[in-house]
């Protein structure tokens with residue numbers, strides 16, 4: 001709260017007016033009232049509730065807010081037009097402390113090209129509009145739109161005119177975010193020198209963020225003599241937004257040595273209001289946003305975490321409690337050090353001796369290299385000897401046309417796809433931010449849907465664009481992508497044709513299908529599956545359909561419980577088919593053999609491997625393979641988008657070597673997906689001899 005012995009800075013919040021002008025930030029009346037009440041409770045001096053003449057909705061919103069707010073002044077924007085001012089008057093009738101904020105441009109650029117009036121005509125409009133507003137209330141604010149590109153002498157004259165007409169607050173906005181801190185501070189000082197009546201009013205500033213200088217410009221203006229700052233929660237607003245209220249407030253609160261001013265604002269409400277505005281506007285607060293971003297009080301660097309554990313002030317200039325957060329967070333990731341990891345283990349009640357600690361810390365660092373953040377659940381799983389889980393509720397998912405937080409992507413219980421398996425999906429991989437065979441995967445998704453009798457409501461090209469945008473928004477490099485389409489909840493009949501088709505795409509960090517990279521080098525252990533792949537007349541085997549994975553799930557469960565990595569399945573005729581989620585290859589006498597994909601999915605990775613083999617003149621045959629042939633093979637490997645190329649070293653009790661041709665295919669595929677050249681000259685001589 002403000003104190004008597006300090007000069008006061010007034011805060012005008014324009015989240016509900018200028019903030020809502022951000023494309024896509026429209027809020028309901030109920031949401032606006034809730035935000036206005038929160039701003040009032042926090043101590044905001046003036047709430048600009050809207051632009052009464054803009055729409056019936058804005059008019060009604062200002063009316064409602066005027067009825068609810070008793071402490072802050074409630075303000076309506078109005079152009080320098082009689083009808084606009086009258087609308088503001090009517091909307092503010094019930095306000096305990098009303099303010100009318102009227103404006104016109106003062107720059108020659110605007111006056112000549114937009115308003116098409118002369119300087120003299122502009123002066124007349126300023127005087128008339130302010131005088132009309134003063135007939136309703138004593139508190140009138142006047143703004144010189146595009147002030148920072150105006151002629152200083154005319155701007156000073158316009159300001160003096162507004163003051164003489166009765167304005168109590170004069171706003172000098174940087175409407176297009178053009179000025180710089182030094183230039184803006186100089187402008188404020190020159191106006192104070194040039195306008196005779198300037199000491200009779202409060203000088204206000206309103207800065208846009210087109211050059212990223214809105215807060216810096218506002219602070220410079222305060223130093224030069226401005227005493228009201230117009231800003232928005234989270235900095236939302238027209239184009240690149242406005243000066244962020246939370247940054248202005250905390251800069252003044254934190255640097256009292258530089259800004260010895262008082263404010264009515266109680267900053268302990270900032271975090272809550274930030275989230276309230278984010279939810280209402282639909283604008284997610286960027287993680288590295290000053291003051292209110294998720295990372296604002298988070299520390300991952302091992303050096304910083306060590307300092308924080310010893311003394312918070314080493315790396316924090318303000319306390320999270322000051323804005324309403326409970327505490328700082330030590331984000332666990334690849335940069336975290338031993339001190340922070342010990343602290344986290346203690347918090348999780350995990351007690352280890354030094355040997356076990358070193359082993360777990362090594363695993364933790366390896367996991368940190370694979371994903372952005374290591375959660376408490378991940379650390380607990382590592383301590384129990386389990387693999388990490390998919391990081392749900394982090395980042396965004398695309399669902400039915402919208403990018404939404406993961407935990408908001410919900411599906412009704414009576415969804416047809418959940419009960420009757422009317423769903424299809426894909427598994428895609430991104431390497432260094434580039435998605436491998438994206439177009440082919442989305443074409444197959446469409447084909448799978450057709451096989452199940454429904455149509456995906458987005459084209460392949462649209463799905464491609466959406467997937468690439470999802471990767472960008474989640475800042476993913478090496479990732480797994482899961483698009484899925486399913487029939488909705490419109491009917492609980494076995495038939496699905498009356499159901500709406502839904503589509504979602506999820507993506508998360510991913511390095512390896514099998515968590516232990518050493519296992520991949522040594523080779524996987526397989527067992528024979530009890531379940532068999534069905535005939536094309538039994539199920540739509542050409543589709544990547546959820547229901548077809550039931551027998552794969554059962555087979556893999558049994559394999560893992562028996563100590564194997566996966567299971568190799570036969571088809572309905574007794575031929576070798578595939579593993580539970582990967583295609584199968586064997587090498588015999590320098591020739592690669594793979595089963596004909598006539599009753600299981602012809603994998604995109606399978607097709608890629610066949611093409612690679614042919615490109616490098618490795619003989620390859622697609623044919624029916626009997627189980628006994630597999631047991632006499634020289635080499636075995638499996639392929640898939642998730643598993644990539646994985647050698648097989650054991651089936652049942654029989655062991656196989658990880659051979660040279662398998663290694664060559666692994667190297668060639670790895671180079672291909674990462675956009676690197678592959679040259680046979682780079683492969684060792686043993687590999688070349690075996691391939692020949």
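Numbering (the UniProt record's numbering), first residue to last: 1 to 692. Virtual Cβ for every residue (Gly too), placed ideally from N, Cα, C. These numbers were taken from a predicted model, which means no experiment stands behind them.
Let's test the definition: count the other Cβ atoms within 10 Å of the Cβ of residue i and tell me whether it reaches 16, buried, or not, exposed.
i: residue 432; result: exposed
i: residue 92; result: buried
i: residue 633; result: buried
i: residue 492; result: exposed
i: residue 395; result: buried
i: residue 556; result: buried
i: residue 288; result: exposed
i: residue 162; result: buried
i: residue 442; result: buried
i: residue 317; result: exposed
i: residue 104; result: buried
i: residue 333; result: buried
i: residue 26; result: exposed
i: residue 606; result: buried
i: residue 274; result: buried
Taking the alpha helix (DSSP H) that residue i falls in, what are its first and last residues?
i: residue 530; result: It is not in any alpha helix (DSSP H) - residue 530 instead sits in the beta strand (DSSP E) that spans 524 to 533.
i: residue 732; result: There is simply no residue 732 to check, as the chain begins at 1 and stops at 692 in what is shown.
i: residue 341; result: 338 to 347
i: residue 488; result: First-last for residue 488: undefined, no H or E at that position.
i: residue 417; result: 416 to 420
i: residue 431; result: First-last for residue 431: 428 to 431, but that is the beta strand (DSSP E), not the alpha helix (DSSP H).
i: residue 659; result: Counting along the chain, residue 659 falls outside any alpha helix (DSSP H), and DSSP gives it neither H nor E.
i: residue 561; result: 550 to 561
i: residue 649; result: Careful: residue 649 lies outside any alpha helix (DSSP H), inside the beta strand (DSSP E) at 644 to 651.
Would a C-beta distance cut-off of 8 Å place residue i and residue j closer than the cut-off?
i: residue 36; j: residue 236; result: no
i: residue 168; j: residue 222; result: no
i: residue 501; j: residue 544; result: no
i: residue 464; j: residue 438; result: yes
i: residue 398; j: residue 481; result: no
i: residue 32; j: residue 61; result: yes
i: residue 216; j: residue 208; result: no
i: residue 461; j: residue 507; result: no
i: residue 409; j: residue 504; result: yes
i: residue 8; j: residue 263; result: yes
i: residue 645; j: residue 625; result: no
i: residue 486; j: residue 553; result: no
i: residue 608; j: residue 549; result: no
i: residue 225; j: residue 192; result: yes
i: residue 133; j: residue 102; result: yes
i: residue 658; j: residue 523; result: yes
i: residue 427; j: residue 496; result: no
Can you find the residues in the same chain that come closer than 7 Å, C-beta to C-beta, to residue i, ignoring five residues on each side of it along the sequence?
i: residue 24; result: 282
i: residue 324; result: 268, 269, 270, 271, 272
i: residue 260; result: 6
i: residue 156; result: 191, 194, 195
i: residue 603; result: 583, 639, 640
Using C-beta distances below 6 Å, list every residue in its chain close to residue i, excluding the 5 sequence neighbours before and after it, in chain order.
i: residue 19; result: 232, 236, 237
i: residue 597; result: none
i: residue 525; result: 564, 565, 650
i: residue 220; result: 181, 184, 185
i: residue 211; result: 177
With a threshold of 8 Å on Cβ separation, who are the neighbours of residue i within its own chain once the five nearest residues in sequence on each side are excluded?
i: residue 393; result: Note that residue 393 scores 49 on pLDDT, short of 50, meaning its location in the model is unreliable and no value can be drawn from it.
i: residue 654; result: 631
i: residue 457; result: 501, 503
i: residue 610; result: 594, 620, 622
i: residue 115; result: 104, 105, 122
i: residue 16; result: 27, 32, 35, 36, 47, 48, 49, 50, 61, 65
Let's see if you can read the secondary structure: which residues bound the beta strand (DSSP E) around residue i?
i: residue 181; result: Segment 181 to 194 is the alpha helix (DSSP H) holding residue 181; no beta strand (DSSP E) there.
i: residue 731; result: Residue 731 lies beyond the range of the chain shown here (1 to 692); nothing can be said about it.
i: residue 452; result: Taken as a continuous stretch (DSSP letters only), residue 452 belongs to no beta strand (DSSP E), as it is neither H nor E.
i: residue 285; result: Element bounds for residue 285: n/a, residue is neither H nor E.
i: residue 571; result: 566 to 571
i: residue 593; result: 591 to 594
i: residue 143; result: 140 to 145
Are there any heavy atoms of the ligand MG lying less than 7 Å away from the beta-carbon of residue i, as far as the coordinates show?
i: residue 557; result: Among the ligands in the structure shown, none appear at all, so the ligand MG cannot be discussed.
So, does the segment 170 to 179 touch the segment 136 to 153, judging by three or more C-beta pairs under 8 Å? Contact between the segment 170 to 179 and the segment 136 to 153 is established, with three or more Cβ pairs separated by less than 8 Å.
Three or more beta-carbon pairs under 8 Å between the segment 640 to 656 and the segment 569 to 582, yes or no? By the C-beta criterion, the segment 640 to 656 is judged to be in contact with the segment 569 to 582, since at least 3 inter-stretch pairs fall below 8 Å.
Segment contact, 8 Å Cβ cut-off, at least three pairs: the segment 34 to 50 with the segment 67 to 86: Under the Cβ criterion (8 Å, minimum of three pairs), the segment 34 to 50 counts as touching the segment 67 to 86.
Is the segment 187 to 203 close to the segment 238 to 249, with three or more CB pairs under 8 Å? The segment 187 to 203 is not in contact with the segment 238 to 249.
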